[in-house]
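Presented below is the structure to which this report refers.
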Ligand code: HEM
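In our numbering, the protein residues as written are 1 to 802.
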């Protein structure tokens with residue numbers, strides 16, 4: 001096999017076949033032509049170790065002499081160098097249908113790219129040689145129809161990683177079905193370890209029953225002979241099959257497959273087994289064989305973690321003692337420490353109500369700094385507008401958000417924020433984006449109404465929050481990336497996986513605010529941080545693939561709607577500044593918009609429907625206004641009706657607008673928000689703020705304060721927003737649901753448009769009731785005010801008595 005380059009013979013590079021590489025890190029492999037496989041085992045030829053080859057180092061050149069590679073490869077090489085500087089470690093590659101029966105993308109790590117550039121046939125040749133030897137054996141048994149399973153699809157990660165392996169049996173079945181005429185299917189397991197998976201077609205059972213072998217293993221670092229006399233060659237995988245071992249009669253007796261705890265007891269006393277027979281506690285057996293050194297390493301790690309935790313606790317304790325002893329009069333009054341938040345994490349926003357009742361502005365101690373909590377509109381205006389330049393998101397906030405949101409608008413300050421804000425404000429004001437998004441909102445509202453119609457017909461309960469979350473996810477995804485996600489129909493497994501990973505990641509990132517050990521956990525990749533990392537991997541893979549597809553479509557002119565969605569518009573903008581606006585940056589921007597628009601709107605609508613159920617008179621008034629505002633016809637179906645919800649009709653709905661706003665007052669989608677002081681400052685109430693202090697405004701608590709909203713503050717009364725039936729705005733520093741000042745929500749108008757279209761479509765057709773009037777929803781503490789167990793509703797066609 002040869003690889004052409006620029007066309008000149010000088011640049012043609014030999015791709016080495018098995019055993020031909022001049023330099024590699026293990027002895028060259030040899031194919032024994034014509035000899036039976038057994039005889040090769042007796043061959044005692046000693047092969048010398050080859051010269052050590054040029055090694056891969058992330059960020060360093062992939063080849064020793066760049067001048068020797070052709071132009072395309074050199075271009076890719078420059079891309080690799082730039083990407084490495086940004087910490088990127090993989091490149092996405094599209095695999096076409098004809099290769100592995102399905103079109104999909106694989107992530108190629110840069111070290112694999114290195115193998116490719118150097119045309120190291122090592123990994124491939126091991127696999128090939130294994131397959132060849134298997135084929136020889138098969139041919140001897142007169143089996144000629146042999147198939148292979150794609151090693152990219154079936155590898156160690158897809159088998160052992162719980163995030164991926166739930167889909168693996170399904171994928172494997174698909175492969176097997178496509179090759180059902182083969183008698184033997186070879187599965188080159190991964191690049192280090194391999195196994196065969198053989199479908200013996202004797203039973204004619206189809207599909208075959210698949211079961212994963214719980215296994216563990218090591219690799220032979222040198223040639224060896226096992227106690228049973230078999231020879232092991234350097235590089236061989238050595239797997240011990242714990243799952244299978246437990247079922248072996250020759251190990252555990254005739255009742256091996258029975259569950260019988262008594263086998264571990266003698267006269268009622270627990271008896272140990274040989275760790276080499278009972279290998280479940282692999283760590284101890286490893287330690288045993290490694291002369292306990294594993295245990296020492298473990299002990300050292302444990303000691304280091306303990307010391308780290310201890311140092312945090314001690315410095316926190318010292319800081320607390322100092323602050324409480326000082327009780328500086330000019331600082332906001334002390335109301336406790338972070339432990340108070342941690343203890344009440346599940347009802348955190350109600351905890352804020354108690355802070356706001358105690359002091360309009362107070363302070364909690366965190367390790368190394370204070371967090372100020374306020375419900376005072378004057379202080380909020382001071383922080384968000386008058387002294388905007390003195391307060392930023394701050395290192396604490398951005399550090400917490402960075403892994404998931406990168407440099408997206410929520411997690412940045414300064415130049416990057418200004419850049420995104422400017423671009424986004426321009427795009428959000430364009431007619432193209434407005435028209436496109438209102439079309440999307442109408443279409444998805446109709447889909448939701450259609451889905452609800454089945455529940456109305458069958459009188460079954462719906463989880464309204466779940467349906468709303470799916471609908472807004474689909475809408476924001478379409479508006480944001482120009483792609484149908486269809487989580488509402490639930491048909492596409494990878495979309496659902498992405499959507500679940502995104503929700504879980506948002507929740508896990510929020511937990512970091514009270515988890516003092518998140519950085520340690522992140523470092524060790526354990527607990528919530530390990531989960532978060534996996535979710536982010538799923539999200540990245542999904543989004544990066546879409547960005548690359550979009551770029552490709554736009555380049556080839558295939559995307560006719562190219563300029564309508566947010567991503568396309570940012571990609572166009574990126575042509576002027578490709579350095580800054582690379583794919584990673586686009587990913588951050590898109591994810592931030594998704595977070596901004598999806599949960600906020602869905603959660604607000606969930607609380608809105610809950611309040612309508614609790615206040616049937618308000619529900620009737622909203623329904624009446626919708627009927628009056630829309631030019632509808634008796635024969636309208638869901639689709640034709642939703643098409644009538646144009647801007648003119650939506651603008652007439654003042655009572656609906658007031659009801660949504662009243663919902664946001666009591667149940668703000670972002671229940672608490674904050675910034676950090678970049679320099680010392682004095683607040684309008686005279687309290688001193690020190691550089692590094694957090695400044696939190698308690699939006700949820702503010703909606704319940706009588707000194708802000710009067711005696712009926714806790715009542716749900718949309719009328720408070722109307723004068724002569726016309727909606728009246730409030731000061732954005734008193735009603736902070738959409739933030740205020742230069743960082744006021746960019747999508748406020750979009751949000752109202754989407755919420756009003758969805759509400760009008762659903763309420764025109766249906767009446768909603770709580771499934772259980774006695775149960776009120778409870779929120780889950782996260783970025784947005786999410787109902788913990790969803791919202792269970794019954795739906796009735798409007799006009800039919802309930
Ligand atoms: C009921 C719905 C919504 C509510 C209550 C809401 C509320 C908020 C709040 C409180 C912030 C400030 C967050 C912070 O401090 O970082 C914010 C920012 C933002 N929102 Fe919304 N939002 C909603 C819907 C939307 C939608 C639908 C979009 C986009 C289509 C959107 C786009 C944004 C953006 C881009 C920012 C960042 C602004 C900046 O930092 O300069 N929002 N929103």
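We put the beta carbon where it would ideally sit given N, CA and C, even for glycine.
Next on the checklist: With a threshold of 6 Å (Cβ to nearest heavy atom), would residue 604 be considered close to ligand 1?
Outcome noted: yes
Next on the checklist: Which of the three DSSP states is assigned to residue 871 in this structure?
Outcome noted: This structure cannot speak to residue 871, because the chain is shown only from 1 to 802.
Checklist entry - Beta carbon of residue 739: closer than 6 Å to some heavy atom of ligand 1? => result yes
Checklist entry - Between the C-alpha atoms of residue 740 and residue 668, what's the straight-line distance to the nearest angstrom? => result 14 Å
Checklist entry - Using the beta-carbon count (16 or more within 10 Å), is residue 420 buried or exposed? => result buried
Checklist entry - Just how far apart, CA to CA, sit residue 345 and residue 534? => result 24 Å
Item to check | 6 Å Cβ shell around residue 782 - same chain, five flanking residues per side excluded | outcome: 507 and 510
Checklist entry - residue 400: beta carbon under 6 Å from a heavy atom of ligand 1? => result no
Checklist entry - What is the residue span of the alpha helix (DSSP H) that residue 748 lies within? => result 748 to 765
Next on the checklist: Quick check on DSSP: helix, strand or coil for residue 742?
Outcome noted: helix
Checklist entry - For residue 442, which residues from the same chain have a beta carbon less than 7 Å from its beta carbon, with the 5 sequence-adjacent residues on both sides left out? => result 642, 643, 645 and 757
Next on the checklist: If contact is defined by three or more beta carbon pairs under 8 Å, each pair taking one atom from either stretch, is the region 717 to 737 in contact with the region 649 to 669?
Outcome noted: yes
Next on the checklist: Give me the residue from 503, 687, 449 and 368 with the minimum Cα distance to residue 318.
Outcome noted: 368
Next on the checklist: Would you say the beta carbon of residue 650 is closer than 6 Å to some non-hydrogen atom of ligand 1?
Outcome noted: no
Item to check | residue 775 in three-state terms, based on DSSP | outcome: coil
Checklist entry - Taking 6 Å as the cut-off, is the CB of residue 573 close to at least one heavy atom of ligand 1? => result no
Checklist entry - For the putative contact between residue 622 and residue 655, defined by C-beta atoms under 8 Å, what is the C-beta separation to the nearest angstrom? => result 6 Å
Next on the checklist: Suppose you measure from the CA of residue 406 to the CA of residue 715; what does that come to, to the nearest Å?
Outcome noted: 40 Å
Item to check | Whole-angstrom distance between residue 65 and residue 58, CA atom to CA atom | outcome: 17 Å
Next on the checklist: Considering just the uninterrupted stretch of the beta strand (DSSP E) at residue 710, what are its terminal residues?
Outcome noted: Segment: none, residue 710 is in no beta strand (DSSP E) and carries neither H nor E.
Checklist entry - For the region 609 to 625 against the region 766 to 785, are there 3 or more C-beta pairs whose distance is under 8 Å? => result yes
Next on the checklist: For ligand 1, is there any heavy atom lying closer than 6 Å to the beta carbon of residue 409?
Outcome noted: yes
Checklist entry - To the nearest angstrom, how far is it from the Cα of residue 554 to the Cα of residue 793? => result 43 Å
Next on the checklist: Can you tell me whether residue 466 is helix, strand or coil according to DSSP?
Outcome noted: helix
Checklist entry - Considering residue 371, what are the terminal residues of the alpha helix (DSSP H) in which it resides? => result That residue, residue 371, is in no alpha helix (DSSP H); its beta strand (DSSP E) goes 369 to 374.
Checklist entry - Are the beta-carbon atoms belonging to residue 661 and residue 721 less than 7 Å from one another? => result yes
Next on the checklist: Tell me which residues share the same chain as residue 412 and place their Cβ nearer than 8 Å to its Cβ, disregarding the 5 neighbours each side in the sequence.
Outcome noted: 393, 398 and 420
Next on the checklist: For residue 446 and residue 761, I'd like the C-alpha separation in whole angstroms.
Outcome noted: 7 Å
Checklist entry - What is the rounded straight-line gap between the Cα of residue 796 and the Cα of residue 777? => result 21 Å
Item to check | Three-way DSSP call (helix, strand, coil) for residue 597 in this model | outcome: helix
Item to check | Cα-Cα separation, residue 61 to residue 584 | outcome: 22 Å
Checklist entry - Nearest CA to the CA of residue 374: which residue from 54, 786 and 700? => result 700
Checklist entry - Is the beta carbon of residue 755 sitting closer than 7 Å to the one on residue 598? => result no
Item to check | Whole alpha helix (DSSP H) elements within the region 293 to 344, 4-residue minimum | outcome: 293 to 326 and 338 to 343
Item to check | Rounded distance between the beta-carbons of residue 380 and residue 359, thought under 8 Å | outcome: That belief does not hold up - the Cβ atoms of residue 359 and residue 380 are roughly 15 Å apart, past 8 Å.
Checklist entry - Since residue 361 is in the beta strand (DSSP E), which residue starts that stretch and which ends it? => result 361 to 366
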